[in-house]
Structure formats: structure tokens, C-alpha cells
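Inspection log for the structure reproduced underneath, given as C-alpha cells.
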Amino acid sequence: MFFRIILINVLVLFNIGVICAQDDRSIFYRKEHIIQPQISTNGYGISFTSAKKRTIDNYFYWKISLSELKHRKEIKGVNPNYPNQRQFIFGKVNHAYPIGLSMGFHKKYILKNNARAIGIRYFYGAGIEAALLKPAYYQIELVYSQDSSRVLTAQFNPEKHNVNNIKERSSWFEGTAETNLAPGGKVEVGAIVDFSGKEGRIHGVGISSILQVFLLPVEILAGEPERRLYFGFSLSYVWGKFLDYSDTGKSGRNHSGWGMLKKY
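The opening residue of the sequence shown carries number 2 in my numbering; numbering runs sequentially from there.
Right under this line is the structure:
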């Protein structure tokens, strides 16, 4: 019985030592800030993420994002009679700009602890999103005779307008007062590979799949079905930094610059 108690105490102390050793190697900085410009199958955008440590390899994050939804059939060109005028997208009805706020979790699957190492994490989250729908306007040429014509600003009308009487696109600011809002939400799942060679920084690439759902139809091109649901894949460049990595006063330890505490 006595030897059993001693053995149990030895095993407990050994496990505590192992846990402490792991804690010394794997305590991450408290926060991360990440910026991600991205292109996707539905357009392009940019996002800002703030992540806060919950456990050694798990972070809670919130993200704000701005993007533009593009239709896969959009074609940009010019009127052959006015090749030097501004290009336009034929049949464009609305410019759609989703603005979102989402929350979720980052899970660091492979930890990065030096310049040569590669860190891998995956993430998932959901949130609210609203698409700003700004009408698109064109400069339309109305020809009355060989010597008489005038140009007016109007939205696309498939029954009246074609590539020969659209002179050019109007200023982007035309129609801003008529902007509408389509509320909705989104779900995102993805992964980030961090190959930064600089301490305190995050450099890498990210991939993700995004599902966006809107309560109102989002019409982008004339003649195409109005959609409430958009699903796509994105590729992003990831740039960020660790916060509080130089603040050693609270922990009393020296940081390595890779999101981990130095092991001596």
C-alpha cells in the first residue's frame, strides 16, 4: 500500500512536469491581427480579423469583410464606334458590395516555432452580411439623324440598349443615392498556411469556401436569374502580426517571436 501511494505520487509529479514543459513550449501570444486581400469565384474583397487566444492552439476570432460580387458572365468591352471611351460591362444592373461581420474559431493544426517551420491552421465561422446594391448607369447615345444625336445617362434597358448605342459607362458615383440594401448572412470554412520568416509576423496564403445567403434577390446582370444564394471558393494572401509579444512584464518570460515562449 505504501509503495502504491509513492508510485501514484511519482506518476502525478511526472505528468505535472510534462504538462508544464509543454506549457513552456506552447503558450501563444494573446492576440493576432490579420489582413487578407482575396479573389474568389464570385469576385474579390478584403477582410480584417482579430483573434484572441482561448487555449494553447485555439483562438476565437471576429472578422469584418468587404467584397464585390461579380457575375461569371460579365464581359467588359467598348463601343466599336468609340474605342477610346471608358470600358463598360454590357447588361450590368447593379454593383453588389457585401459588408459582413462574422465570428468563429481558429484551430492551429501544426504549430510554427521558428523561421523554417510552416504553420497550418483551419478555421470556421458564421455571421451577418448585407449587400449594398448600387445601380449601374451608362452613357447612352440617341441618334436622330446622321447629323443629330444626344447623349443621356440611363440604366440598362435590354429592349432599347445594345453595344452600339452604349457609348461608355457613367461615373461610378452615378446612382449612389439609389443604393439599396439586401440583408443576409454567411458561413465560411477554410485553412491558412503561414510560412513567415520574420519574428512576430504572419505571412502566408489562405483558401476557403464561402456560402452567402440574402433575404432579397441580388440582381447583377440583366436577363440572368436573380439569386439569393452565392457559393464559392477564395484564395487569399495573409498578412498579420502577433500582439503583446514584446510585453514580457505580465508573464515574466521571454517570447521567441513566433507566438511561443522561449524554452531554456
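We put the beta carbon where it would ideally sit given N, CA and C, even for glycine.
Alpha carbons only, please: which of the options is nearest the one belonging to residue i?
i: VAL214; options: GLY128, GLU200, GLN156, VAL144; result: GLY128
i: ASN43; options: LYS77, GLY126, LYS71, ASP195; result: LYS71
i: ASN165; options: TYR139, ALA178, ASN181, PHE174; result: TYR139
i: GLY46; options: SER149, ILE36, ARG55; result: ILE36
i: ILE57; options: TYR110, VAL79, SER197; result: TYR110
i: VAL79; options: LEU102, ASN163, SER48; result: ASN163
i: GLU220; options: LEU182, VAL144, ARG31, LYS53; result: LEU182
i: LYS53; options: GLY207, GLN156, ARG31, ARG228; result: ARG31
i: GLU227; options: MET104, ASN95, SER51; result: ASN95
i: SER103; options: GLY205, GLU130, VAL152, ARG73; result: GLU130
What does the Cβ neighbour count give for residue i, buried or exposed, with the cut at 16 atoms within 10 Å?
i: GLN88; result: exposed
i: LEU67; result: exposed
i: LYS168; result: buried
i: PHE174; result: exposed
i: PHE124; result: buried
i: SER237; result: buried
i: ASP195; result: buried
i: LYS187; result: buried
i: ASP24; result: Annotation note: pLDDT 38 at ASP24 (below 50); position unreliable, no value reported.
i: TYR145; result: exposed
Once the 5 residues before and after residue i are set aside, which same chain residues still bring their CB inside 6 Å of it?
i: LEU216; result: PRO184, GLY185
i: LEU133; result: TYR98, THR180
i: SER209; result: GLU189, GLY191, SER235
i: LYS77; result: GLN88, ILE90
i: TYR83; result: LYS168
i: LEU244; result: LYS32
Give every residue of the same chain whose Cβ lies closer than 8 Å to the Cβ of residue i, excluding the five residues on either side of it in the sequence, and list them in chain order.
i: LYS242; result: GLU33, HIS34, GLY201, ARG202, ILE203
i: THR177; result: LYS135
i: ARG229; result: GLY185, VAL214, PHE215, LEU216, LEU217, PRO218, VAL219
i: VAL152; result: GLN140, ILE141, GLU142, LEU143, LYS168
Would the beta-carbon of residue i fall within 9 Å of that of residue j?
i: GLU69; j: LEU222; result: no
i: ASN59; j: PHE106; result: yes
i: LYS108; j: ARG117; result: no
i: LYS64; j: GLY126; result: yes
i: SER150; j: GLU160; result: no
i: ARG55; j: PHE49; result: no
i: VAL239; j: ILE211; result: no
i: GLY92; j: GLY224; result: yes
On the DSSP letters alone, give me the boundaries of the beta strand (DSSP E) that residue i sits inside.
i: LYS113; result: That residue, LYS113, is in no beta strand (DSSP E); it is neither H nor E in DSSP.
i: ALA127; result: 120-136
i: LEU236; result: 228-244
i: VAL190; result: 181-195
i: ASN85; result: Per DSSP, ASN85 belongs to no beta strand (DSSP E) and is neither H nor E.
i: ASN59; result: 59-70
i: LEU217; result: 202-219
i: ILE167; result: 167-170
i: ARG31; result: That residue, ARG31, is in no beta strand (DSSP E); it is neither H nor E in DSSP.
i: ILE47; result: 44-54
i: VAL152; result: 149-155
Ordered along the chain, which non-local residues of its own chain (more than five positions away) have a Cβ less than 7 Å from that of residue i?
i: GLN86; result: VAL79, ASN80, LYS168, GLU169
i: THR154; result: TYR138, GLN140, SER171, GLU175
i: GLY198; result: ALA116
i: GLY233; result: SER41, THR42, ASN43, ILE211
i: PRO38; result: ILE47, SER237, TYR238
i: ALA22; result: With a pLDDT of only 36 at ALA22, under the threshold of 50, the placement of this residue in the model should not be trusted; the figure read from the coordinates follows. Around ALA22: no qualifying Cβ.
i: ASP148; result: none
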